[in-house]
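Protein chains: 2
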Amino acid sequence: MDALDRQIIAALRANGRATYADLGRKVGLSASAVHERVGKLESSGVIVGYHAVVDPSSVGLGVTALIGIHPTDIADDNEVAVALGELIEVESCYRVAGDESFIVKVRVATVDDLERSLGRLRRIPGVARTRTTVVLSTRFEGRPNTGDEDDDVT
Amino acid sequence: MDALDRQIIAALRANGRATYADLGRKVGLSASAVHERVGKLESSGVIVGYHAVVDPSSVGLGVTALIGIHPTDIADDNEVAVALGELIEVESCYRVAGDESFIVKVRVATVDDLERSLGRLRRIPGVARTRTTVVLSTRFEGRPNTGDEDDDVT
DNA sequence: ATTGAAAACATTCCGCT
DNA sequence: AGCGGAATGTTTTCAAT
Chain A
1 MDALDRQIIA
11 ALRANGRATY
21 ADLGRKVGLS
31 ASAVHERVGK
41 LESSGVIVGY
51 HAVVDPSSVG
61 LGVTALIGIH
71 PTDIADDNEV
81 AVALGELIEV
91 ESCYRVAGDE
101 SFIVKVRVAT
111 VDDLERSLGR
121 LRRIPGVART
131 RTTVVLSTRF
141 EGRPNTGDED
151 DDVT
Chain B
1 MDALDRQIIA
11 ALRANGRATY
21 ADLGRKVGLS
31 ASAVHERVGK
41 LESSGVIVGY
51 HAVVDPSSVG
61 LGVTALIGIH
71 PTDIADDNEV
81 AVALGELIEV
91 ESCYRVAGDE
101 SFIVKVRVAT
111 VDDLERSLGR
121 LRRIPGVART
131 RTTVVLSTRF
141 EGRPNTGDED
151 DDVT
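Protein chains in written order, with UniProt numbering: chain A, 1 to 154; chain B, 1 to 154.
Next up, the structure:
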């Protein structure tokens, strides 16, 4: 992984649909060289995937909440994680340090759905209680941070 | 927004680099029809963007933390939000209900960097104190949830 | 709003450096 | 590891429906 790879990654984080020709122009390489590098970045697991980002309320998911999961004394974290993964409304799941074992982000259509979702969460074996923080607005989300200074990616 | 649009959105969430021809085959439309629909979804703000997802530790950002921001009595939330946005390590920023005004997700290289970042956060005018939850592992993150049942997107 | 055709463009493979 | 050429496939525009 050299500076060129990092530039390519930054460009693909900014625009996941950039063509190899575009990327080549940006970093000063031929399209085929970029193609080869991106292929290696993908198969080595640096680039995990490409996703369209959708405005949640446009797809009927206007309610977001961050929920801390308190485990029971005998909880198996792995089983809890699997059960959390089975709930479609759980968008992200973090195993955390502290007296909560997980923090999850859920997206649902309405507060009624949130209530139902909390019911499902609490019914998971190993979950003692939940602590819910409702998101009022998302200022920004998933911003690219390449790890170093230069972020001039148009 | 009809069922076809939703199918296209789901496919682009699963694979942000799918070609219009691919999408057309998947939903039973010509590439040009898909092109037109996607263009409308983009300009109407349903599709916000396309991003490559990168393994954070591969780009030297192995430490993730979720940080609650407690405001001072006289804090201006908007000013705090702007200041949070200026910190490159703050990847996401949610305005929340409760006694914390924001919850942010930060990604840094090391716990030393986390300490420095917390210093920067606390120095923001309007920030009284922070509550930090260190992420031990990310089980999953940013999973697509189309809002309804069928999620059979290969 | 969708199509099919056509031109421009991008991808992808391969031999060469 | 990168380049350029060539074949194939895709994007993008447009007239027609």
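Idealized CB from N, CA, C, for every residue including glycine.
Q) Counting pairs of Cβ atoms below 8 Å between the region 34 to 41 of chain B and the region 27 to 40 of chain A, do you hit three or more? A) By the criterion of at least three beta-carbon pairs nearer than 8 Å, the region 34 to 41 of chain B is not in contact with the region 27 to 40 of chain A.
Q. Whose C-alpha, out of Arg122(A), Pro144(A), Val106(A), is nearest the C-alpha of Val134(A)?
A. Val106(A)
Q | Neighbour flag for Pro144(A) against chain B, beta carbons, 9 Å | A | yes
(Q) Residues in the same chain with beta-carbon distance under 8 Å from Leu87(A), minus the five sequence neighbours each way, listed in chain order, please. (A) Val106, Ser117, Arg120, Leu121
Q. Taking C-beta to C-beta, are Phe102(B) and Gly68(B) nearer than 9 Å?
A. yes
Q | Anticipated Cβ contact below 8 Å, Val90(A) with Val104(A), distance rounded | A | 5 Å
Q: State the start and end residues of the unbroken alpha helix (DSSP H) segment that holds Ser43(B).
A: 31 to 43
Q | Close beta carbons around Thr130(A), own chain, < 8 Å, minus the five adjacent residues each side | A | Ile67, Gly68, Ile69, His70, Leu118, Leu121, Arg122
Q) Going by other Cβ atoms of all chains shown within 10 Å of its Cβ, with 16 needed for buried, is Ala21(A) buried or exposed? A) exposed
Q. Cβ of Ile8(B) within 9 Å of Cβ of Asp55(A)?
A. no
Q. How many Å lie between Val96(A) and Leu12(B) at the Cα?
A. 30 Å
Q.
What does the alpha-carbon distance come out to for the pair residue 159(B) and Thr132(B)?
A. There is simply no residue 159(B) to check, as chain B begins at 1 and stops at 154 in what is shown.
(Q) Please report the distance separating the alpha-carbon of Ser30(A) from that of Gly62(A). (A) Looking at the two C-alpha atoms, the distance is approximately 43 Å.
**Q.** chain A contact residues for Leu12(B), given Cβ-Cβ distances below 7 Å
**A.** Below the 7 Å Cβ cutoff, chain A contributes Ala52 as neighbours of Leu12(B), in chain order.
Q) Between Glu79(A) and the rest of its own chain, which residues show a CB-CB distance below 8 Å, the 5 nearest in sequence each way excluded? A) Result list for Glu79(A): Pro125, Gly126, in chain order.
Q. How is Glu86(B) classed by DSSP in three states: helix, strand or coil?
A. Helix.
(Q) So, with DSSP's three-state summary, where would you put Pro125(B)? (A) coil
**Q.** Residues from the UniProt domain "HTH asnC-type" (1 to 62) of chain B in contact with chain A, defined by Cβ distance under 7 Å
**A.** Ile9, Leu12, Arg13, Asn15, Gly16, Arg17, Gly45, Val46, Ile47, Val48, Gly49, Tyr50, His51, Ala52, Val53, Val54, Asp55, Ser58, Val59, Gly60, Leu61
Q: Have a look at the DSSP bridge pairing and note the partners of Ile47(A).
A: Val54(B)
Q: Measure the alpha-carbon distance for Asp77(A) versus Gly39(B) and round it to whole angstroms.
A: 43 Å
Q: Going by DSSP, name the residue or residues bridged to Ala65(B).
A: Val106(B), Val134(B)
Q.
For Ala83(B) and Ile74(B), what's the separation of their Cα atoms in angstroms?
A. 16 Å
Q | Arg6(B): first and last residue of the uninterrupted alpha helix (DSSP H) it sits in | A | 3 to 14
Q. Going by the beta-carbon positions, is the gap between Gly49(B) and Gly16(A) smaller than 9 Å?
A. For Gly49(B) and Gly16(A), yes; Cβs fall inside 9 Å.
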